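Input: a single structure, listed below in C-alpha cells.
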Amino acid sequence: MKPETPVYSLFVVDKRKSTNYQELRGFVPKTLSLKFKGICKSLGQDINVGLEEAIANWIEKQQQQEDSPLSESSVVMAASTAPLAVPTIASLIDETLSNHDWVLGKLAADAEISVERINELLEGDRASDVEVQKLAQRLVKPDGEAWEEGELVDIRLAEDLKRRQRQKRSG
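Under our numbering, the first residue of the sequence shown is numbered 3, with each subsequent residue one higher.
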C-alpha cells in the first residue's frame, strides 16, 4: 500500500438511527447559515462535525462563565429524565410557514392562480390585470398589511418601464 493512499474505516455510524445521536433543530440568520456552510465546504468538513464542534465550544464557554459548572454526567441525567420535546402549535405553524412549497401552494389556491403561473411570476413574467386583481389582498407587506390592487398596478407599471428601458439598451 502506498503511503498517500487514505485508509477508510469500514464501520460507519448512521447518526439518524444511532441512539448516541439526536437531531437538534433551530433557526439562525441566513447569512450566518450560508457563511457556516461555505466554510465547512471549503474545509471539506461535514456540516454535522462543524455543528458538533460549535455546540461543544459553546457549552464549554457557558460552563466556564458559571460559578458551578455542570458535570457531563449531571447534564446527561437531566436530559434523560426530561420529558421528550412536544411540539407546540406555534412551532408547527412556524414550521409550516417556513415550508416554501406549502406557502406557494396556499397562495396559488387562495389567489386561484396555478402554482406553475405563480412560479412564472416569480421569475419575472408580467402579471395580467386579472392576476393583479387576484393577488391583491393576498400579498402581504413587511408590516403585515395587505397590498391594495392600485398599489400592485403601480408596481407593475414601474416594472413595465424597467423592461422597456432594458429593451432599449439591449436592442
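Here a beta-carbon is modelled for each residue, glycine too, at the ideal position from N, C-alpha and C. Nothing here was measured: the structure is a model prediction, and the numbers come from that model.
- Three or more Cβ pairs drawn from the region 130-137 and the region 101-120 lie within less than 8 angstroms of each other, which places the two stretches in contact.
- Inclusion of Ile120 and Ala110 in the CB contact set at 8 angstroms is warranted, their separation being smaller than that value.
- Taking every protein chain shown into account, the CB of Ala160 has fewer than 16 other CB atoms within 10 angstroms, so this residue is exposed.
- In this structure, Ile49 lies near Lys39, with their beta-carbon atoms less than 8 angstroms apart.
- Secondary structure remark: continuous alpha helix (DSSP H) runs of at least 4 residues inside the region 122-169, in chain order: 131-137.
- Take Gly52, set aside five residues on each side of it, and the residues of its chain with a beta-carbon closer than 7 angstroms to its own are Phe38, Cys42, in chain order.
- Put simply, the backbone Cα of Thr21 is about 19 angstroms away from that of Glu55.
- The criterion of a C-beta distance shorter than 8 angstroms is satisfied by Ala148 and Gln139.
- Residue state for Glu118 is assigned as helix, using DSSP reduced to three classes.
- With 16 or more other CB atoms across the displayed protein chains lying within 10 angstroms of its CB, Leu137 is buried.
- Between the alpha carbons of Ser100 and Gly107 lies a distance of about 13 angstroms.
- Between the alpha carbons of Gln66 and Pro144 lies a gap of roughly 41 angstroms.
- Taking C-beta separations shorter than 7 angstroms and ignoring five residues to either side along the sequence, the partners of Thr98 in its chain run Trp104, following chain order.
- In the displayed model, Glu55 falls within a helix according to three-state DSSP.
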